[in-house]
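A short worksheet on the structure shown next.
Protein chains in written order, with our numbering: chain A, 8 to 414; chain B, 8 to 414.
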């Protein structure tokens, strides 16, 4: 009798993380897994035995189609980091006990760096204790900061969202013909892939962003103000894309300079947004111009109504490839995307050693930023442009995009 | 020889204001106007004789299709208010001189309250001085606050955007299964139509917004905090839509309580955003929960990639109806939308006296807000739902929505 499979989602949501879930589910079902279970809220929920039976829940093709179009994690997520087995083996004993009870032979975890760390630890512990469960990681993150994969599912849709709305913001900002500085804040704490995607907006119908500031390049407040002043002499409406993660030369985040940064919630969590607002206020105080801050906020990761079809398809494929690998006996691996060519764009999947992925961050190559540190080079555009191609028409009911929910 | 026509756009941009421009242009051309001119930056630009020749610029059907899909004002906008003729006649003498030089017989102005004021003053002055130019107003505003029209072109697309992204935000906010309060700030200084549209998100696949706060209802900070605390006892993730214009019982805007409000730019303009951020910080300081503020910002008025086809079509129709009226000899009128029925939705156009429109604001009827002041009633949903129906597929080039620019 074939074993069952289990799949979980972890870390921040994306627009296409559920497409990977659909890919894992469909491939496991087709390969004969009697049951495919879903962990609710990842490994954290699994430890509380909170699982659902996806084989029952996803019974129609329409469910799969809706899953591909539903943002955020269908199964819920967590930010749980497993302890080292030497520190606390009890967690592992409990987890493997639950997996045994469910008859699991295949374990999939869709996520970013921390999730690959989880796959690494579980497969290592499994090997040591003679378990025959196979553990495969499925990459996902809008941040595109995973090693050994050409790019990550989730990035293409976020980049497409950023390109589309940058064009709309640039149109909006020119309307009065007045001096105006718009500062758009984009996600990405340490890697600037998303902010760099603002460069995609430029084309025959759009003048593009005037300045792009990535966390890979130290941020000098005085030079920034000089640049803005110089740009506005040539152009009334200046539009700037800035990463939430830009840092001063001394290593502090720019947003740490703002008042708002100091507000804490009842748990003592510090609020780390406000980069664009801080810079916008600074511009308005220092130059005779109006200025506005726009935070793209969570919509850049959950704006599934404008996903990239390339991204949705690849997210589905990495899920399927993970199932194939596990059923063929592989373990301790992550599925990676392997680009064969930019134009025509061709991309396939491969398997990489989980240990070489976990806990490293891939940054934007500095050579892909122009010499003046204002824009991206053609290399970046050739890399990113294929990932935002094509659309998967949303299913509209009652005028709004339809989702699948209710695990 | 038939006279020429001129058209201008004024006030804040919307996703469909260019569809009205296309409607005016196409109907004037078909009725035999040799030239259709566009004012650059509205009446303010016209006073500087900055006009363009739309008959040359919009020469293909593809131009018209792109115009329907391009957000923000193709001709540029202004926030210029004409003086009273008795105060300063020189402005009128200059304007009518320029119109005569261009051979204008038909004058169209697409905008909100202030633009209708402009049409009112110009037609009044024209009548007094025996001019035969006809002046017709074309309604536009995302705020939906114009009198005597069932709704305004621009509102439906903004409402659709808000409905779609509220659903995505609600999905995103539930993902960790933790206590979480998300406060979404929606535009609308005095009228709550846009914030009310958050109510459209609720459906079989979405639990909807938990609390909706309109500027029509005085905002009590203490009662707000009590409501949030009570709601979170039943539900971990609470999502709230709040108007940027909510006011305390003493008449001050809630955002005036925030620090950020006090920052001014070099012109002394006060920044009036920050309502959601202020409330989110307040929630986080007063309860054991995380909280996040999301400002929908300008994307709710320029997110043309997810426009309502009903709205685009009606925007085009009011433009065409304006041209028809002018060519049939009408003046000092605004085209209004006249709803015949909700279900099936049927709507036509009519003409209303410009003097009865200008300078009044239409608010959300208080009876359309539930007794607990937390949500909208079925009356509002029946009113708003037809306006967000259907889509006009964007034209994607290189993975991004294509626009038309370059006047």
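Beta carbons are placed, not taken as given, at the ideal position from N, Cα and C, and that holds for glycine.
- Sorting 262(A), 69(A), 77(A) and 364(A) by C-alpha distance to the C-alpha of residue 196(A) places 262(A) at the top.
- By the neighbour-count definition (other C-beta atoms within 10 Å, threshold 16), residue 68(A) is an exposed residue.
- Contact between residue 176(A) and residue 10(A) is absent: CB atoms are separated by about 50 Å, not below the 8 Å threshold.
- In terms of beta-carbon proximity, residue 312(A) lines the interface with chain B, with at least one pair separated by less than 8 Å.
- Classified as exposed, residue 230(A) has fewer than 16 neighbouring CB atoms from the shown chains inside 10 Å of its CB.
- Apart from sequence neighbours up to five positions away, the residues of its chain that approach residue 114(B) with a beta-carbon distance below 6 Å are 13, 140 and 142, ordered along the chain.
- Boundaries of the alpha helix (DSSP H) harbouring residue 130(B): 120–135, taken from the DSSP string.
- The alpha-carbon separation between residue 54(B) and residue 353(B) amounts to approximately 40 Å.
- Residue range 352–360 is occupied by the beta strand (DSSP E) that includes residue 353(B).
- Inter-residue distance for residue 30(A) and residue 333(B) is about 59 Å (C-alpha atoms, whole angstroms).
- The beta carbons of residue 74(B) and residue 65(B) sit closer together than 8 Å.
- If you look at residue 25(A), you'll find it isn't in any beta strand (DSSP E); it sits in the alpha helix (DSSP H) that goes 24–37.
- About 14 Å separates the Cβ atoms of residue 117(B) and residue 47(B), ruling out a contact at the 8 Å cut-off.
- Residue 396(A) has a beta carbon lying within less than 8 Å of a beta carbon in chain B.
- Considering only beta carbons, no part of the region 345–376 of chain B lies closer than 9 Å to chain A.
- Of all residues in the region 212–243 of chain A, only 212, 213 and 214 place a beta-carbon less than 9 Å from a beta-carbon of chain B.
- For the options 178(B), 228(B) and 120(B), the alpha carbon positioned closest to that of residue 220(B) is the one of 228(B).
- The beta-carbon separation of residue 389(A) and residue 164(A), rounded to 19 Å, does not stay under the 8 Å limit for a contact.
- Cβ contact annotation for residue 85(B) (same chain, cutoff 8 Å, sequence separation greater than five): 17, 48, 49, 50, 51 and 52, in chain order.
- For residue 248(B), the enclosing beta strand (DSSP E) starts and ends at 244–250.
- For residue 408(B), at least one C-beta of chain A is nearer than 8 Å to its own C-beta.
- Between residue 357(B) and residue 345(B), the alpha-carbon positions lie close to 6 Å from each other.
- Here the region 387–402 of chain B lies against the region 160–174 of chain B, with 3 or more beta-carbon pairs under 8 Å apart.
- In this structure, DSSP gives residue 238(B) a helical state, which the three-state scheme calls helix.
- Cβ proximity to chain B below 8 Å picks out nothing from the region 147–165 of chain A.
- Around the beta-carbon of residue 119(B), 16 or more other beta-carbon atoms lie within 10 Å, marking it buried.
- Residue 289(B): member of the alpha helix (DSSP H) spanning 282–293, first to last residue.
- Between residue 308(A) and the set 161(A), 43(A), 15(A) and 61(A), the nearest pair of CA atoms involves 161(A).
- Judged by DSSP in its simplified three-state form, residue 189(A) adopts strand.
- Contact of residue 178(A) with chain B by beta-carbon distance below 8 Å involves 20, 77, 78, 79, 309, 410 and 412.
- Taken atom to atom, the span from the alpha-carbon of residue 257(B) to that of residue 225(B) is near 9 Å.
- Between the beta-carbon of residue 208(A) and that of residue 215(A) there is about 5 Å, and that keeps the pair under the 8 Å contact cut.
- The three-state secondary structure of residue 327(A), taken from DSSP, is helix.
- Secondary structure note for residue 51(B): its alpha helix (DSSP H) is the uninterrupted segment 49–54.
- Taking a C-beta distance under 8 Å as the contact criterion, residue 97(B) and residue 310(B) do not qualify as a contact pair.
- Taking one beta carbon from each stretch, the region 323–330 of chain B and the region 187–196 of chain B have fewer than 3 pairs nearer than 8 Å; the two do not touch.
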